[in-house]
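2 protein chains.
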Amino acid sequence: MDRSKALAALSALAHETRLDLVRLLVPQGAAGMPAGQIAQALGLAGPRLSFHLSALEQAGLLTARRVARNVIYSVDPAGLGGTIGYLMNHCCCQDPTILAACGDSHHDPSSACRQGAVAPGTAKT
Amino acid sequence: MDRSKALAALSALAHETRLDLVRLLVPQGAAGMPAGQIAQALGLAGPRLSFHLSALEQAGLLTARRVARNVIYSVDPAGLGGTIGYLMNHCCCQDPTILAACGDSHHDPSSACRQGAVAPGTAKT
DNA sequence: TCTTTATTTCAACAGTTCTTGAATAGTTGA
DNA sequence: TCAACTATTCAAGAACTGTTGAAATAAAGA
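Heads up: the protein sequence lines correspond to chains A and B, in order. Be aware that the first sequence starts at 1, since it is given in the numbering used here, and climbs by one per residue. Be aware that the second sequence starts at 1, since it is given in the numbering used here, and climbs by one per residue.
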């Protein structure tokens, strides 16, 4: 993960809709989710969803595969993990106070992830 | 760290100049760096630097304090750590493949941080 | 082949962000 | 108070991003 890739990924993540997309898809793992179901879960119009999905895909955070009529989107673990790793590596720098703040958030009980997969139609923060 | 704060922080980080600013300031720790020295290190014009510094400050990633003629900027560990922690918490979700990718990047030998403070004028990626 | 379903692409518009140079404000020491 | 230094604010224009609706593409089943 170099700087330009990290920038592209951060830029993609820095949007409400796209952050919600990632948070919806992470719990689905490699199985992913078809575009139509994502649209329903987040209440997005087709073109708008497509725009944001392709932004995330171009940033290396998602992968897409066609299965019959559907296009299944899933998180690219290397892209997402690499982005977080870049921040840990370049902006955290083993600084104890920053690491402590990472850890504090890590115990945030509001984490959606810990409660397993997000059911369609319930993906609101 | 809630979603809107995390979004603001990600939005601020998703810019070449501002990412460089953070990477320059992290190794300085609480001591920080005066604006003029930052401008010199990154080769930025005054107003441009000021624009980006205040963007980072508004996003909760930097703090500023005046010392005599200088304004000293330093990283806000809670803001930066909280942002990374938010990603760990909401977009990593203990998923082993994502965590592995975080870890891979974490061992990136190109990390500027590990080599200590960045000297003025050498702050290039 | 025709129809239906699923999804993407395109173009236009609105709004936001970034850069630049000029002007302004705060601090120090003579 | 005045000059020098440090940093910020302001305004204008260029560039970029996001939303919307219409049209197009792709696959499946009758």
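Quick reminder that beta carbons are idealized off the backbone N, C-alpha and C, glycines included. Note that the structure is predicted; figures quoted are calculated from it, not measured.
Any chain B beta carbon closer than 8 Å to residue i
| i | result |
| --- | --- |
| glycine 43(A) | no |
| serine 54(A) | no |
| serine 11(A) | yes |
| glycine 121(A) | Any answer about glycine 121(A) is weak, because its pLDDT of 36 lies below 50 and its placement is not dependable; what the coordinates show is given next. Cβ-Cβ to chain B under 8 Å: no for glycine 121(A). |
Contact set for residue i: own chain, Cβ-Cβ below 8 Å, skip 5 residues either direction
| i | result |
| --- | --- |
| isoleucine 84(B) | none |
| alanine 8(A) | Gln58, Ala59 and Gly60 |
Alpha-carbon spacing of residue i relative to residue j, whole angstroms
| i | j | result |
| --- | --- | --- |
| leucine 49(B) | alanine 39(B) | 6 Å |
| alanine 59(B) | methionine 33(B) | 18 Å |
| leucine 10(A) | leucine 25(A) | 17 Å |
| alanine 101(B) | alanine 100(A) | 21 Å |
| glycine 81(B) | leucine 62(B) | 12 Å |
| leucine 132(B) | leucine 21(B) | The question about residue 132(B) has no answer here: the residues shown for chain B are numbered 1 through 125. |
| isoleucine 72(B) | alanine 55(B) | 15 Å |
| glycine 103(B) | methionine 1(A) | 12 Å |
| histidine 15(A) | arginine 65(A) | 24 Å |
| valine 67(B) | methionine 88(B) | 36 Å |
| histidine 52(A) | proline 96(A) | 36 Å |
Proximity test, Cβ basis, 8 Å: residue i and chain A
| i | result |
| --- | --- |
| histidine 90(B) | yes |
| glycine 36(B) | no |
| arginine 157(B) | Nothing can be reported for residue 157(B): it is not among the residues displayed for chain B, which extend from 1 to 125. |
| valine 118(B) | Here valine 118(B) scores only 41 on pLDDT, less than 50, and its place in the model is too uncertain to base an answer on. |
| valine 26(B) | yes |
| alanine 14(B) | yes |
| proline 63(B) | The question names proline, but residue 63(B) in the sequence shown is threonine. Taking Cβ atoms only, chain A never reaches closer than 8 Å to threonine 63(B), which makes this a no. |
| glycine 32(B) | no |
| isoleucine 72(B) | no |
Same chain only: Cβ atoms within 7 Å of residue i, ignoring 5 sequence neighbours per side
| i | result |
| --- | --- |
| glycine 46(B) | Ala39 |
| leucine 19(B) | Leu13 |
| alanine 6(B) | Thr83 and Tyr86 |
| arginine 114(A) | Reliability fails at arginine 114(A), whose pLDDT of 48 lies under 50, so the model's placement of it is uncertain and no value is given. |
| aspartate 76(A) | Gly60, Leu61, Leu62 and Thr63 |
Chain-order list of residues whose beta-carbon lies under 6 Å from that of residue i (same chain, five-residue window excluded)
| i | result |
| --- | --- |
| isoleucine 98(B) | Cys92 |
| glycine 79(A) | Gly60 and Leu61 |
* Asked: Which runs of the alpha helix (DSSP H), 4 residues or longer, sit entirely within the stretch 50-102 of chain B?
  -> Within the stretch 50-102 of chain B, the complete alpha helix (DSSP H) runs of at least 4 residues fall at 77-91.
* Whole alpha helix (DSSP H) runs in the stretch 22-51 of chain A with 4 or more residues, listed along the chain? -> The stretch 22-51 of chain A is shown to contain whole alpha helix (DSSP H) runs of 4 or more residues at 35-42, in chain order.
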